[in-house]
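Note sheet for the following structure.
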Amino acid sequence: MVIQAMHAMGAAEAAKPVSRIAVTTGWEFRQHLDPNSTAANGAPSLPEGAGFAVWRPAEVPGMVGTDLLRNRLIPDPFYRENEASLQWMENADWEYRATLQAGSEMLSRRHIELVFDGLDGYAEVFVNRHKLITADNAFRQWRAEARPWLKSGANELLVVFPSPIRQARIVAAGDPSHPQGGAEDKTYIRKPAYEYGWDWGPRFVNSGIWRAVRLELWDDLRISDFHISQPDVSAAVAHLVAEIEIEAASGQAARIALESEHGSRKPEQALSVSLHPGVNTLRLPFAVAAPDLWYPAGYGAQAMYTFRLVVNQNNQTEDEALRRTGLRSVVLRREADTWGRSFEFVMNGIPMFAKGADVIPFDSFPARVTEADYRRVLQSARDANMNMIRHWGG
């Protein structure tokens, strides 16, 4: 299926394609010492002469813990009893900064959105001292329009992380149902639970920009979400639905299309729609005849399909997105039996013998984990004839 968007612009200049610019270099960090901050009021004292309030190089994506370690401001947190001596980090406030360069071409765009794919902990994001984002959830994306606050030349991007421990206690104090005297308030913050420690890992309640940061530049429209749902899949035919969200700056006609690729097959289908200003939710049903199904290890091959969504304006690509997935039917079968109810996964009509293990976070600091690390562990599971992994996050 191929998607094209046609928009009557008259004599106006044609809209430019969506542009995504990574913001990964030039980052610095330090301890945030605002006298009104949570950490400045009663936070544990820091090691003498450490210079935590001095701007130092940082890596993004990353975490406070990894940046402190990289700058040799703390000892190896995994050595002997160093964990106990580093608990002060969770009670301090931290801040990160970078410079955004904006030229005339960038500023000519109608929308310049600042996008954070992951902010671990409470965070406030500023551009040239204007607050754009107040974040409180590590598991979601944060996005804000930055264009009104950008100027030609250098622009300051600042991200402030108040202590997650102290901030969660402030939130808990406002809940009349919160049990008094409790030492932990982690239920009041959307944050990885493993950071609070367990029998297999240390306690490091971290903060940081743990996923990618970018600027998204667009004019008339952009693809804001795209995934493939699989309501009915069999060996004969896979009935699929492309679930699409398109954000439009104004009302306009569009022609959307999706291309599915598997081997030499590249079927395409197009659909004309009318977009209204704001987010448009679209569902595009389609079918794949005689699909090559995806199977767990030991039951068959892991066939994969690539789906390419394209949006055109005036015969020019405006935005596109790719998704890669396997086509399969998964059913959790629960049937009455002698002992109560069964619990069985059925894959493509075949009852599975589930053999596997729990997998825990590969590192207390996820930014240090590489693709090679994931492949090494998952390949070892595959070599042991496992076909199911339970992700245990805390």
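Just so you know, we're using the working numbering here: the sequence shown kicks off at 176 and counts up by one.
Heads up, the beta-carbon is just placed ideally off N, CA and C, and yes, glycines get one too.
Terminal residues of the alpha helix (DSSP H) in which residue i lies
i           : result
leucine 244 : 239-245
valine 521  : Note, valine 521: premise wrong, no alpha helix (DSSP H); beta strand (DSSP E) at 519-522.
alanine 556 : 546-558
Nearest to residue i (by Cα), restricted to the options the options
i              : options                        : result
glycine 293    : Gly473, Asn312, Ala465, Ala547 : Asn312
valine 229     : Glu203, Phe253, Val235         : Glu203
serine 399     : Glu495, His353, Phe379, Ala347 : Glu495
tryptophan 269 : Ser449, Tyr254, Val534, Ala233 : Ala233
glutamate 370  : Phe537, Leu553, Tyr549         : Phe537
arginine 503   : Arg543, Leu282, Arg255, Ala411 : Ala411
serine 279     : Lys326, Ala465, Trp393, Leu248 : Lys326
glutamate 265  : Ser425, Glu320, Gln342         : Gln342
arginine 557   : Pro526, Ser517, Pro471         : Pro471
CA-to-CA distance, residue j to residue i, given in whole angstroms
i              : j              : result
alanine 387    : valine 198     : 8 Å
serine 382     : lysine 361     : 14 Å
methionine 563 : glutamine 477  : 14 Å
tryptophan 469 : asparagine 523 : 8 Å
serine 447     : alanine 432    : 9 Å
serine 435     : threonine 545  : 30 Å
glycine 531    : glycine 376    : 21 Å
isoleucine 295 : tryptophan 385 : According to the sequence provided, residue 295 is aspartate. The question's isoleucine does not apply to it. Each residue's Cα considered, the two are about 6 Å apart.
asparagine 487 : glutamate 493  : 5 Å
asparagine 560 : glycine 473    : 7 Å
isoleucine 535 : tyrosine 549   : 11 Å
isoleucine 403 : serine 260     : 48 Å
histidine 353  : glutamate 422  : 40 Å
glycine 194    : methionine 479 : Note that residue 194 is serine in the sequence shown, not glycine. If you take the alpha carbons of serine 194 and methionine 479, they lie about 28 Å apart.
glycine 453    : lysine 306     : 23 Å
Identified DSSP bridge partners for residue i
i              : result
methionine 281 : Bridge partners of methionine 281: none, in fact.
proline 460    : Val416
histidine 437  : Arg440
alanine 429    : Val448
threonine 274  : Glu331
proline 232    : Glu203
asparagine 455 : Ile421
arginine 516   : Ala511
Extent of the continuous beta strand (DSSP E) to which residue i belongs
i              : result
asparagine 257 : First-last for asparagine 257: 257-260, but that is the alpha helix (DSSP H), not the beta strand (DSSP E).
threonine 500  : 491-500
glycine 531    : 531-534
arginine 565   : 563-566
aspartate 268  : That residue, aspartate 268, is in no beta strand (DSSP E); it is neither H nor E in DSSP.
arginine 397   : 396-408
glutamate 391  : 388-393
asparagine 487 : 480-488
glutamate 203  : 203-206
serine 194     : 194-197
leucine 507    : 505-508
Residue-level contact to chain B via CB, residue i, 8 Å cutoff
i             : result
histidine 207 : Of the protein chains in the structure, only one exists, and it is not chain B.
Which complete beta strand (DSSP E) runs does the stretch 277-340 hold, if anything under 3 residues is left out?
286-291, 298-302, 305-310, 317-320, 328-336
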